[in-house]
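The number in the numbering used here is simply the position in the sequence shown, starting from 1, with 1122 added.
For every residue, glycine included, the Cβ atom is placed at its ideal position computed from N, Cα and C.
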Amino acid sequence: MLQRSGNRFNAQELWQKDHDHFLHPWTHFDSFKTDGSLIITEGEGAYITDVNGRQYLDGLGGMWCVNVGYGRNELAEVMAEQGRLLAYANPFVNMTNAPAAELSAKLAEIAPGSLNHVAFSTSGSCANDTAIRLAHFYHGRNGEHGRKHIISRFNSYHGSTYLGMSLGNRDGDRTPFFNYVTDFIHHLSAPYPYRRPEGMTEDQFTDFLVDEFKAKVKELGKENIAAFIAEPIQGSGGVVMPPKGYLKRMHEVAKENGILFIADEVVTGFGRVGHWFASQDVFGIEPDIIVSAKGLTSGYQPLGATIFSDAVYDAISQPGPDVWFAHGFTYSGHPVACAVANKNIEIIERDGLLENAQKVGDHFEKRLGELKALPLVGDVRGKRLMMCVEYVADRKTKAHLPDEINISKRISKLCEKRGLLVRPIGHLDVMSPPLTLTMAQADFLVDTLGEAINEATSELKKEGLLAA
Ligand SMILES: Cc1ncc(COP(=O)(O)O)c(C=O)c1O
């Protein structure tokens, strides 16, 4: 492929600068100090190219976010045009800008039912912080000042601010070197059917999870609970598809108890599973608050949106003595980011990318399922363009391979050698390719991952780490 960037970069110099100065999200210091970073210099469609001119199919879609694919001139032009016209506008109190006003109305149009109001931020983490602050404010304005507790789930990921990290609870993220909010945040079991308790049917598992929620409500007292927060499909916790009926029943319990239901759709929103949002179209629920980011701008600009219902808006805005919603950011409704989001949504509509995600996503999901036949594969799960493969040493006991083998990384490296990027997380390789994925690219992804798994299996056997 012709590199647009030509030889403008000095690979070794960049590697060194990055190595010496950039503290990356989730740095693993031991390996980083020796390996440093893979330097990406350009992208086109579903492909990215590194500084040495090697091209990869980006099976991650950036970080679950490059939904319309790379290299969209239209988006670059919108950024430049808005930058020239008005690069920044103060959003506080009663000033606005055209892209933010347009985007808030568009989000109200595409979000389910009565979710007609939006608070903007700059990331999924900040959009989740906003959702929690909104929930507290809502109950306070309704005179229910005790409702401060938040119920979340294990395996969830809600971002990396202090509050976001405390809402989430993935094993690998919790370390004694950090601190977490524990006084008002609680975690229920992950709705992880593959690893449900031995001897339980999937329906019994759903009952168990719903009962656990009810018991937690009883224990804390509903008058003390502000919200339940859930990713409709847990993303970096392992692309966990909840058991049938789970979300609907959890939503019912929340409603019955006056608890706001927050759907963190930072990953599942904007087409990843073939719809603008998964809550209603996939799971049949209308949350009180939907949190979005990532695909909202396809990663071309940082932007988060917390979209909430008329009922929440009516409560927070009810007449009262000198009430201020004292929350928001310098960059709330940033004109360049909002202009990009408007164009991004237009592209998704114009190019039929929701439909493509449905069609190619169904094919991808079905073909990826074929990998279940491989001995190292315990589970293949997810929906459409949000999928993962879980590796096990023993399919009967579901025991994982020893951590030192680092199986997902080993397999992802073998994919990389073949021109494919997938994302290793623990014992899983995760995929979230752009919504523009073609059938042929979906096949390449599955075939390449399959070859890499086979090669890793042979290597492990040769090394005596797997029974021959
Ligand atoms: C479900 C979910 N919520 C929130 C976030 C945090 O988003 P950000 O990294 O933009 O802060 C992520 C990021 O991966 C996510 O997957």
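Distance CB(residue i)-CB(residue j) smaller than 9 Å
i	j	result
residue 1415	residue 1400	no
residue 1542	residue 1570	yes
residue 1463	residue 1393	no
residue 1430	residue 1239	yes
residue 1250	residue 1386	yes
residue 1580	residue 1550	no
residue 1490	residue 1482	no
residue 1362	residue 1335	no
residue 1194	residue 1435	no
residue 1279	residue 1359	yes
residue 1315	residue 1354	no
residue 1420	residue 1197	yes
residue 1408	residue 1179	no
residue 1348	residue 1263	no
residue 1396	residue 1567	no
residue 1338	residue 1308	yes
residue 1469	residue 1190	yes
residue 1312	residue 1350	no
residue 1548	residue 1493	no
residue 1512	residue 1500	yes
residue 1227	residue 1460	no
residue 1519	residue 1168	no
Limits of the unbroken beta strand (DSSP E) element including residue i
i	result
residue 1310	1307-1310
residue 1483	No beta strand (DSSP E) contains residue 1483, which is instead part of the alpha helix (DSSP H) from 1475-1491.
residue 1347	1347-1352
Residue i - partner residues in DSSP beta bridges
i	result
residue 1102	In the structure as shown, the chain starts at 1123 and stops at 1590, and residue 1102 therefore has no counterpart that could be examined.
residue 1170	1165, 1178
residue 1430	1239, 1411
residue 1192	1167
residue 1145	For residue 1145, which the question treats as bridged, DSSP gives no partner whatsoever.
residue 1356	1362
residue 1382	1349
Limits of the alpha helix (DSSP H) - the one that residue i falls within
i	result
residue 1339	1324-1342
residue 1464	1457-1472
residue 1562	1561-1584
residue 1156	1151-1157
residue 1371	1368-1378
residue 1289	1284-1289
Coarse secondary structure for residue i, derived from DSSP in three states
i	result
residue 1125	coil
residue 1275	strand
residue 1362	strand
residue 1557	coil
residue 1136	helix
residue 1418	helix
residue 1317	helix
residue 1442	coil
residue 1270	coil
residue 1070	With the chain covering 1123 to 1590 only, the question about residue 1070 has no answer from this structure.
residue 1435	helix
residue 1294	helix
Chain B contact for residue i (CB, 9 Å cutoff)
i	result
residue 1274	Among the chains of the structure shown, chain B does not appear; only one protein chain is present.
For this session: Quick one: which unbroken alpha helix (DSSP H) runs of 4-plus residues sit fully inside the stretch 1496-1551? Chain order, please.
Result: 1529-1539
For this session: Any chance you could list the beta strand (DSSP E) runs of at least 3 consecutive residues sitting entirely within the stretch 1384-1415, in chain order?
Result: 1411-1414
For this session: Within the stretch 1198-1266, note down every full beta strand (DSSP E) run reaching 3 residues or more, in order along the chain.
Result: 1237-1243
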